[in-house]
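Asks:
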Amino acid sequence: AEVCSNVFGVVSTSFARKVDPNLKSAAEECAATAGEFIAESESFAIRPRRSGNHSFTSTDLGRSCGDAVYEKLESLGRNPSVNLDDPDKEIFVEMRQNAAYVFTGISKGVGGLPVGTQGKMVVLLSGGIDSPVAAWLLMRRGVKVIPVFCNNAPFSDEATRQKAIKCVKVLNEWSAGNPMKMYEGCTGLLLKLWKKKKHQVLLPGHLWVRWLPRQLSTCMLKFMVWDFLYIIRS
């Protein structure tokens, strides 16, 4: 469930037991779950939800399951009590049209849109925090990110490059089904341009150059199809 929670587009996940979509089956499963889940003197609450067409309401579902759980715990001598506001344990019941699901926990997901549903975008990735965070936010909006690292050696060292590689590895943990790899360019070229002074260099050490977006676009069009070039400047 935790792995699925890292998939963009997933709101939540739960380990659930599936039963027939009727009051009796749901109540019996809730009672069985309570026997394994709720300890002596612990309070509990039933959290029912329903969708589809049924001959009963969500209130009926909660009442039926609550009665079954209370009777089960009482028969086991666990001195049960109901607390709808601040219970020690909760049992969730999701009644759908074709099945009912009983579970005891919810792992929240990140939501958003599935990666790859909103096109591709090239992201200029550095070893800092801004660009990987921006890439993560783009991925959450359904964009398939193509990370590009501009190696401006000797103005940056190998540690910066390794940080960028590490960022891509972390982003891959959130890119299920859409593995990404880092593209690297500009090695040595920036130094050559700087010496010739044919291109303006801004902020030495970070090296934003006027030609970079245009030259990078031309280069990358040779080996991939993408929709946007995303540049983060802090």
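Count along the sequence shown starting at 1, add 157, and that's the number in this note's numbering. We put the beta carbon where it would ideally sit given N, CA and C, even for glycine. Model, not experiment: these values are computed from the prediction.
1. Under a Cβ-count criterion, where at least 16 other Cβ atoms within 10 Å of its own Cβ denotes burial, should T216 be classed as buried or exposed?
2. Taking the alpha helix (DSSP H) that R318 falls in, what are its first and last residues?
3. Rank K301, D314, S288, I195 by C-alpha distance to the C-alpha of G262 and give the top, closest one.
4. According to DSSP, is M405 part of a helix, a strand, or is it coil?
5. Could you give the DSSP three-state label for Q357: helix, strand or coil?
6. For V164 and A333, which I take to be in contact (beta-carbon distance under 8 Å), what is that distance rounded to the nearest angstrom?
7. In angstroms with no decimal places, state the Cα-to-Cα distance between D245 and E193.
8. Going by the DSSP bridge assignment, what does Y258 pair with across the sheet?
9. State the DSSP-derived secondary structure class of P237, mapped to helix, strand or coil.
10. Please state the DSSP three-state secondary structure of T170.
11. Beta strand (DSSP E) containing A183: first to last residue?
12. Just mark R207 as buried or exposed, buried being the case when its beta carbon has 16 or more other beta carbons within 10 Å.
13. Quick one: give me the first and last residue of the alpha helix (DSSP H) that V290 is part of.
14. Do you know offhand how far H363's Cα is from N308's?
15. With 16 as the cutoff for other CB atoms within 10 Å, does C187 come out buried or exposed?
16. Give the secondary structure of S332 by DSSP, where H, G and I count as helix, E and B as strand, and everything else as coil.
Replies: This is what the structure gives:
1. By 1-based counting over the sequence shown, the position of residue 216 is 59. That one is exposed.
2. Counting from one through the sequence shown, the residue named residue 318 turns up at place 161. Looking at the DSSP string, the run of the alpha helix (DSSP H) that includes R318 is 315-329.
3. Numbered from its first residue, the sequence shown carries residue 262 at position 105. When only C-alpha atoms are compared, the closest one is I195.
4. Residue 405 lies beyond the residue range present for the chain, which begins at 158 and ends at 391; the question has no answer from this structure.
5. The count along the sequence shown starts at 1 and reaches residue 357 at position 200. Unreliable placement is indicated for Q357, whose pLDDT of 44 sits below 50; no coordinate value is reported for it.
6. Counted from its first residue, the sequence shown places residue 164 at position 7. Counted from its first residue, the sequence shown places residue 333 at position 176. About 5 Å; that satisfies the 8 Å criterion.
7. The residue given as residue 245 occupies position 88 in the sequence shown. The residue given as residue 193 occupies position 36 in the sequence shown. Roughly 14 Å between the two C-alpha positions.
8. Stepping through the sequence shown from its first residue, residue 258 is reached at position 101. According to DSSP, Y258 bridges with K175, E251.
9. The count along the sequence shown starts at 1 and reaches residue 237 at position 80. Reduced to three states, the DSSP call for P237 is coil.
10. On the sequence shown, residue 170 is found 13 positions in, with the first residue counted as 1. Three-state result, T170: strand.
11. Position 26 of the sequence shown, counting from 1, holds the residue named residue 183. Segment 180-194 is the alpha helix (DSSP H) holding A183; no beta strand (DSSP E) there.
12. By 1-based counting over the sequence shown, the position of residue 207 is 50. Burial call: buried.
13. Taking the sequence shown and counting its residues from 1, one reaches residue 290 at position 133. From DSSP, the alpha helix (DSSP H) with V290 extends over 287-297.
14. Residue mapping note: residue 363 aligns to position 206 of the sequence shown, counting from 1. Residue mapping note: residue 308 aligns to position 151 of the sequence shown, counting from 1. Low confidence applies to H363: its pLDDT is 41, below 50, so where it sits in the model is not reliable enough to give any reading.
15. Working through the sequence shown from its first residue, we reach residue 187 at position 30. So C187 counts as buried.
16. Locating residue 332 in the sequence shown gives position 175, counting from the first residue. In this structure, S332 counts as coil in the three-state DSSP scheme.
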